[in-house]
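S.K.: Counting from 1, position 41 in the sequence shown corresponds to residue 41 in UniProt numbering; the numbering is continuous, with no gaps. Before I ask anything, here is the structure I am working with.
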Amino acid sequence: MLIFGIDTCCMAATAALMDDTRLIAQTVINHKKTHSQKMMPQIEVMFAQAEIKIEEIDCFAAAVGPGSFTGVRIGVATAKGLAQATQKPCAAVSTLHALANNSAVFDGIICPVLDARRNQVYNALFHGGKQLARLCDDRAIALSDLLSELKKQELPVLFCGDGTLVYREAIEETLGGQAIFAQRMQNMNLAGSVAELAFEAIKSGATVSYTDLVPQYIRLSQAERERMEKLQNSR
């Protein structure tokens with residue numbers, strides 16, 4: 001079975017090919033250009049170098065958020081388009097779950113953190129070790145509330161994701177030695193993790209058609225919030 005994975009929810013644009021036993025290819029670009037400019041050239045080169053045709057893919061997996069609203073849409077739209085063209089199923093993968101999967105062997109709490117701005121982070125909690133277990137749903141939460149929650153835990157906490165670059169000082173001030181920070185590669189969104197988690201969706205029968213692959217933003221965009229505020233103020 002061949003899986004295509006894509007993740008454009010964070011700073012890096014990344015795509016991967018994986019079969020039942022190995023990661024065949026993975027491409028990552030973390031640069032200033034927009035993801036819409038990066039993705040298709042990356043994908044075309046990756047398929048060519050792996051000597052695999054798009055028609056051979058059995059499932060198209062996408063990180064569906066949370067993350068950058070524009071980035072989420074690009075990755076989801078790319079997977080939807082390829083799945084529609086080949087009439088193959090899709091798998092929806094949480095960006096936070098994929099980030100945690102990079103550090104799944106860590107024996108403790110894994111805490112992916114993405115900067116959601118407005119003094120909030122996108123977050124979910126997982127327990128690593130022999131098997132990665134989800135402890136809570138994806139959420140947008142104030143950093144202070146998250147740190148208060150974690151401070152009550154006795155286990156070490158591994159922080160990963162681009163939010164750690166923004167909030168590391170605040171995390172260290174609150175948690176001290178309880179906080180551990182992932183290395184650079186573990187801190188990045190990687191499509192190989194998206195593809196790997198897609199196998200779980202396939203085994204559990206949780207794949208969807210391309211029409212049902214949709215972004216999971218967690219909260220309203222800035223434009224939507226402003227529109228709602230205007231409607232409320234006009235009443």
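Note that the Cβ used here is the ideal one computed from N, Cα and C, for glycine as well.
1) Whose C-beta lies closer than 7 Å to the C-beta of A201 among residues of the same chain, with five residues either side of it excluded?
2) Which word fits L120, buried or exposed, when buried means at least 16 other C-beta atoms lie within 10 angstroms of its C-beta?
3) Short check: CB of residue 257 to CB of N189, under 9 Å?
4) Quick check on the burial criterion: 16 or more other C-beta atoms within 10 angstroms. Buried or exposed for A50?
5) For E172, I'd like the list of residues in its chain whose CB is within less than 7 Å of its CB, leaving aside the five on either flank, ordered along the chain.
6) For C111, which residues does DSSP report across the bridge?
7) Where DSSP assigns a beta bridge to C90, which residues make up the other side?
8) With 16 as the cutoff for other CB atoms within 10 Å, does T78 come out buried or exposed?
9) Using a 10 Å radius around the Cβ and a threshold of 16 neighbouring Cβ atoms, would you call N101 buried or exposed?
10) Taking buried to mean at least 16 other C-beta atoms within 10 Å of its own C-beta, is C59 buried or exposed?
11) Are there three or more Cβ pairs, one per stretch, closer than 8 Å when the stretch 26 to 38 is compared with the stretch 80 to 98?
12) Using the DSSP secondary-structure output, state which residues sit across from M185 in a beta bridge.
13) Please go through the same chain and pick out, in chain order, the residues whose beta-carbon is closer than 6 Å to the beta-carbon of G71, but skip the five residues on each side of it.
M.R.: With the structure as the only source:
1) As a first step, residue 201 is located in the sequence shown; it is residue number 201 there, counting from the start. Within the same chain, A201 has close Cβ partners A91, T207.
2) The residue labelled residue 120 in the question sits at position 120 within the sequence shown. Per the sequence shown, the amino acid found at residue 120 is Gln instead of Leu. Classification for Q120: buried.
3) The chain is shown only over 1 to 235; residue 257 falls outside these bounds and no answer can be derived.
4) Taking the first residue of the sequence shown as position 1, residue 50 is located at position 50. When all chains shown are included, A50 counts as exposed.
5) Here residue 172 refers to the residue found at position 172 when the sequence shown is read from its first residue. For E172, where only same-chain residues beyond five positions count, the Cβ hits under 7 Å are A179.
6) Your numbering for residue 111 matches position 111 in the sequence shown. BP columns for C111 point to F159.
7) As a working note, residue 90 is residue 90 in the sequence shown. In the DSSP output, where bridge partners are listed per residue, C90 has F60, V208.
8) On the sequence shown, residue 78 is found 78 positions in, with the first residue counted as 1. Under this definition T78 is a buried residue.
9) For this step, residue 101 is matched to residue 101 along the sequence shown. With 16 or more other Cβ atoms within 10 Å, it is buried.
10) Here residue 59 is taken as the residue at index 59 of the sequence shown, counted from 1. With 16 or more other Cβ atoms within 10 Å, it is buried.
11) no
12) On the sequence shown, residue 185 is found 185 positions in, with the first residue counted as 1. Its beta-bridge partners do not exist; DSSP assigns none.
13) For the purposes of this step, residue 71 is taken as the residue at position 71 of the sequence shown. Contacts found: T8, C9, H35.
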